[in-house]
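**Student:** Here this note's numbering = 1-based position in the sequence shown + 168. Quick one: structure below, then a few questions.
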Amino acid sequence: MRIIKRLHLFILQSFLPLFAMTFFIVLFIVLMQFLWKYIDDLVGKGLSVGLLGELFFYAAVSMVPMALPLAILLASLMTFGNLGEKFELTAMKASGISLLRVMAPLIILVSGISVGAFFFQNDVLPRAQVKMWTLLFSMRQKSPEVEIPQGVFYDQIPGYSLYVKHKNQDTGLLYGVMIYDIREAGENATILLADSAQLAFTPDNRYLYLHLYYGEQFENLREQGPSDSNVPFRRESFEDKEILIPFDANFNRLNEEGMRKQYVGKNIAQLRESIDSIALRIDSIGDVYAEGLKGDFDVRFGSDESTMRRLKSRKETVKAASLSLDSLLLREEPSRRNMIYESAAMQARNLSQNYEFKSVSFDDEKRVKRRNEIELIKKFTLSVACLIMFFIGAPLGAIIRKGGIGTPLVISVLLFLVYYIIDNTGYKMARDGRWNVEFGIWLSTIVLAPLGIYVTYKAMNDSALFDKDAWMRVFRRFIPEKRVRKVAYKEVTFAEISANVGKWRLHTLREECGAFIRKNGKAQSYTEYFKAGMDLTMLKTISSTLEGTVSYLADSQDKRVIGLLNNFPVIHTSRLISIGGPEWLRIALMYFFPIGIFVWLAGVRRQRKAIEEVTLTDKVAAQVTEAL
Numbered sequence: 169m170r171i172i173k174r175l176h177l178f179i180l181q182s183f184l185p186l187f188a189m190t191f192f193i194v195l196f197i198v199l200m201q202f203l204w205k206y207i208d209d210l211v212g213k214g215l216s217v218g219l220l221g222e223l224f225f226y227a228a229v230s231m232v233p234m235a236l237p238l239a240i241l242l243a244s245l246m247t248f249g250n251l252g253e254k255f256e257l258t259a260m261k262a263s264g265i266s267l268l269r270v271m272a273p274l275i276i277l278v279s280g281i282s283v284g285a286f287f288f289q290n291d292v293l294p295r296a297q298v299k300m301w302t303l304l305f306s307m308r309q310k311s312p313e314v315e316i317p318q319g320v321f322y323d324q325i326p327g328y329s330l331y332v333k334h335k336n337q338d339t340g341l342l343y344g345v346m347i348y349d350i351r352e353a354g355e356n357a358t359i360l361l362a363d364s365a366q367l368a369f370t371p372d373n374r375y376l377y378l379h380l381y382y383g384e385q386f387e388n389l390r391e392q393g394p395s396d397s398n399v400p401f402r403r404e405s406f407e408d409k410e411i412l413i414p415f416d417a418n419f420n421r422l423n424e425e426g427m428r429k430q431y432v433g434k435n436i437a438q439l440r441e442s443i444d445s446i447a448l449r450i451d452s453i454g455d456v457y458a459e460g461l462k463g464d465f466d467v468r469f470g471s472d473e474s475t476m477r478r479l480k481s482r483k484e485t486v487k488a489a490s491l492s493l494d495s496l497l498l499r500e501e502p503s504r505r506n507m508i509y510e511s512a513a514m515q516a517r518n519l520s521q522n523y524e525f526k527s528v529s530f531d532d533e534k535r536v537k538r539r540n541e542i543e544l545i546k547k548f549t550l551s552v553a554c555l556i557m558f559f560i561g562a563p564l565g566a567i568i569r570k571g572g573i574g575t576p577l578v579i580s581v582l583l584f585l586v587y588y589i590i591d592n593t594g595y596k597m598a599r600d601g602r603w604n605v606e607f608g609i610w611l612s613t614i615v616l617a618p619l620g621i622y623v624t625y626k627a628m629n630d631s632a633l634f635d636k637d638a639w640m641r642v643f644r645r646f647i648p649e650k651r652v653r654k655v656a657y658k659e660v661t662f663a664e665i666s667a668n669v670g671k672w673r674l675h676t677l678r679e680e681c682g683a684f685i686r687k688n689g690k691a692q693s694y695t696e697y698f699k700a701g702m703d704l705t706m707l708k709t710i711s712s713t714l715e716g717t718v719s720y721l722a723d724s725q726d727k728r729v730i731g732l733l734n735n736f737p738v739i740h741t742s743r744l745i746s747i748g749g750p751e752w753l754r755i756a757l758m759y760f761f762p763i764g765i766f767v768w769l770a771g772v773r774r775q776r777k778a779i780e781e782v783t784l785t786d787k788v789a790a791q792v793t794e795a796l
């Protein structure tokens, strides 16, 4: 028991430093990705280091769900890779300790991390995301820092455009200043020209203070009308002028309440409540729209409601007469007929626009509902992803037995890329309503969970998962290598062959070949291939008869016969010629695009090759018969 405790402690001491290192490295990488994505919203705003640090802290907390699974995968792969490379894992197995027993402390640890990840997703992450997005939107709305360039117009001040010819970096004086006040549209802009100016902010940072020296101001006194040829304007010359330009340079933090109402700021209970209320609202809107649809088509052109009510109240039954709408329209005057057409077209356009607007509002409600459902399911997916990544990484490390950061890093990145692509694809499909929300969000788990089970099973049974020879044997079962028949002439034989027996054997072989060609004369279509397949039993019978015939005739003393025997092909009975297994499995593979297409193409290629081999066998058998 003491040895087991020391072993568990040793495994934990090997895993925890690697996990901490990989977690912070991955977190730093995804944080840099966040920074590059929003760098344009942060630069040039004069933001303090404290504000940027606060934003990066909340962003790092929000990026934990992306960094944690990759860190667990890489750390577990490196840990067991190091143990395998140093033969420590081999020594443990030789001592009678199974791989599952070695993994036990890490299974408990990762399970604890998964439970903590669930509470993190439910309690910590919503608050961090509310803080992060509120800060980011506040920074987006902050006015940029005033840094007027030389020789170009500066239009970052709302309602104004400034031009500075030269700027003294030591004194801060601006020379050759031109200011356009374009708050009034059209030709009512006020223009100020100054020889020099000095720029500063008011103490409350809400206004720009401009002190202008030696200049002129031009302003139209009234707006120019269509018939006005001359518009009076005012021209003012000054030696000293002070103006204030509204420009709020302060950082105003937005209210977090609005972000808390979004799906990113809610926990499980709040999300379920939102989903129920949105579903109820969607049902109510659907009922209202359904009633409206019934009423929209209950309108008759030129009908009087009171007349329609009186008609409905009559109890006697009147036999309906045949009526042609075209004949009724042709009886009307052309002007009246055109008015009817225009009225119908206008009503159709109005109904179309009304339905389009209702469809947009209805789709918006469903989109919000899907977003809340996605966020609810994602509260659970992180915990499951951590467990799956561990059960992929730890057994895989024990199999490949490569430590360090080279091979484990490459394998981890490739596996995580597959996970990320599948997860992101499922998320987008679920968000857009193309897939079911549950299927889309759980898709990555559905795909990778069998991989984790398979790798764990292989590692516990010491299977050669990455053995090149084992994989080549598997491939040869489906794509056999090309073989050439070699029959050597024997100088001495124990008994001479009988020509009649040889001819009988060749006749039997030719009959089997003919029957096969008549039944399987060409490659099969896509549906035929999966539903029936080529008769593999007949092909195996021909192969067996051929080998027996060649073996018998190989004792011939006739060199011509021996030479002809070498022309017989080696018939391959690949499984791709005919897909075996139960019918439901073959039908499922037929509809599983594009895998089914690739299997069919490979199978058709083997079928054509088999037909060529059987045809050649029949031809050579006829030649050998003549030689005998």
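Just so you know, even glycine gets a beta-carbon here, dropped at the ideal spot from N, CA and C. None of the values given here were measured: they were computed from a predicted structure.
Who are the near neighbours of R403 in its chain, counting only those whose CB is closer than 6 Å to its CB and skipping five residues on each side?
**Tutor:** F386
**Student:** Measuring straight from C-alpha to C-alpha, what distance separates S445 and V432?
**Tutor:** Looking at the two C-alpha atoms, the distance is approximately 17 Å.
**Student:** Which residues in the same chain as A285 place their Cβ atom closer than 7 Å to its Cβ, once the five residues preceding and following it in sequence are excluded?
**Tutor:** L236, L550, S551, C554
**Student:** Quick check on L203: does DSSP put it in helix, strand or coil?
**Tutor:** helix
**Student:** In angstroms with no decimal places, state the Cα-to-Cα distance between F191 and I281.
**Tutor:** If I take the Cα positions, the gap works out to 13 Å.
**Student:** With H, G and I counted as helix, E and B as strand and the rest as coil, what does DSSP make of Q309?
**Tutor:** helix
**Student:** Assign T785 to buried or exposed, taking buried as 16 or more other Cβ atoms, counted over all protein chains shown, within 10 Å of its Cβ.
**Tutor:** buried
**Student:** Could you check which residue in L753, R538, A691 has the C-alpha nearest to that of L769?
**Tutor:** A691
**Student:** With which residues is F386 paired in a DSSP beta bridge?
**Tutor:** I359, R403
**Student:** May I ask you to list the residues that DSSP assigns as paired with P618?
**Tutor:** The secondary-structure analysis by DSSP pairs P618 with nothing; it has no beta-bridge partner.
**Student:** Please classify F287: is it buried, with 16 or more other beta-carbons within 10 angstroms of its beta-carbon, or exposed?
**Tutor:** exposed
**Student:** What residue does the alpha helix (DSSP H) around S216 start on, and which one ends it?
**Tutor:** First-last for S216: undefined, no H or E at that position.
**Student:** Taking its Cβ as the centre, do 16 or more other Cβ atoms sit within 10 Å of R517, making it buried, or is it exposed?
**Tutor:** With fewer than 16 other Cβ atoms within 10 Å, it is exposed.
**Student:** Around the Cβ of R509, are there at least 16 other Cβ atoms within 10 angstroms (buried) or fewer (exposed)?
**Tutor:** In the sequence under discussion, the amino acid at residue 509 is Tyr, which differs from the Arg named in the question. A residue is called buried once 16 or more other Cβ atoms fall within 10 Å of its Cβ, and Y509, having fewer, is exposed.
**Student:** Measure the alpha-carbon distance for S746 versus D703 and round it to whole angstroms.
**Tutor:** Taking the straight line from one Cα to the other gives about 7 Å.
**Student:** For G252, name the three-state secondary structure that DSSP assigns.
**Tutor:** helix
**Student:** State the DSSP-derived secondary structure class of M132, mapped to helix, strand or coil.
**Tutor:** Because the chain is modelled from 169 through 796, residue 132 falls outside the range shown and cannot be assessed.
**Student:** Considering only the beta carbon of each residue, do L215 and M307 sit closer than 8 Å?
**Tutor:** The answer is yes: Cβ separation under 8 Å.
**Student:** Starting from V345 and walking both ways along the beta strand (DSSP E), at which residues does that stretch end?
**Tutor:** 341 to 349
**Student:** Would you mind sorting F766 into buried or exposed? The rule is 16 or more other CB atoms within 10 Å of its CB.
**Tutor:** Under the 10 Å beta carbon count, F766 is surrounded by fewer than 16 other beta carbons and is classified as exposed.
**Student:** Going by Cα to Cα distance, which pick from A683, K777, A272, I710 is closest to R673?
**Tutor:** Among A683, K777, A272, I710, the Cα nearest to that of R673 is on I710.
**Student:** Quick one: is the Cβ of F415 within less than 7 Å of any heavy atom of the ligand SAH?
**Tutor:** Questions concerning the ligand SAH fall outside what the structure shown contains, since it holds no ligand whatsoever.
**Student:** Report the partner residues of E410 according to the DSSP bridge assignment.
**Tutor:** H379
**Student:** Tell me which residues share the same chain as G608 and place their Cβ nearer than 6 Å to its Cβ, disregarding the 5 neighbours each side in the sequence.
**Tutor:** G594, M597, A598
**Student:** Identify, in the order they occur along the chain, each residue of the same chain with its Cβ nearer than 7 Å to the Cβ of K537, setting aside the five sequence neighbours on each side.
**Tutor:** I443, I446, A447, I450
**Student:** What's the C-alpha gap between N688 and I779?
**Tutor:** Looking at the backbone, the Cα of N688 and that of I779 are separated by about 8 Å.
**Student:** The alpha helix (DSSP H) that contains V669, what's its start and end?
**Tutor:** 667 to 687
**Student:** Which of the three DSSP states is assigned to S724 in this structure?
**Tutor:** Looking at S724 - three-state DSSP - the assignment turns out to be coil, as it is neither helix nor strand.
**Student:** According to DSSP, is L210 helix, strand or coil?
**Tutor:** coil
**Student:** Within its chain, find whatever has a CB closer than 7 Å to the CB of T741; leave out the 5 residues flanking it on each side and keep chain order.
**Tutor:** L704, L707, K708, S711
**Student:** So, H176 versus P273, is the Cβ gap smaller than 8 Å?
**Tutor:** yes
**Student:** Compare the C-alpha of L303 against each of Q337, S263, G221 and name the closest.
**Tutor:** The shortest C-alpha separation from L303 is found at G221.
**Student:** Less than 8 Å between the C-beta atoms of T247 and F183, yes or no?
**Tutor:** yes
**Student:** Apply the 10 Å Cβ neighbour rule to E543 and answer buried if 16 or more other Cβ atoms are within range, or exposed otherwise.
**Tutor:** Under this definition E543 is a buried residue.
**Student:** Rounded to whole angstroms, what's the CA-CA distance from K333 to Q318? Just pull it up for me.
**Tutor:** 6 Å
**Student:** Secondary structure at F321, three-state DSSP: helix, strand or coil?
**Tutor:** strand
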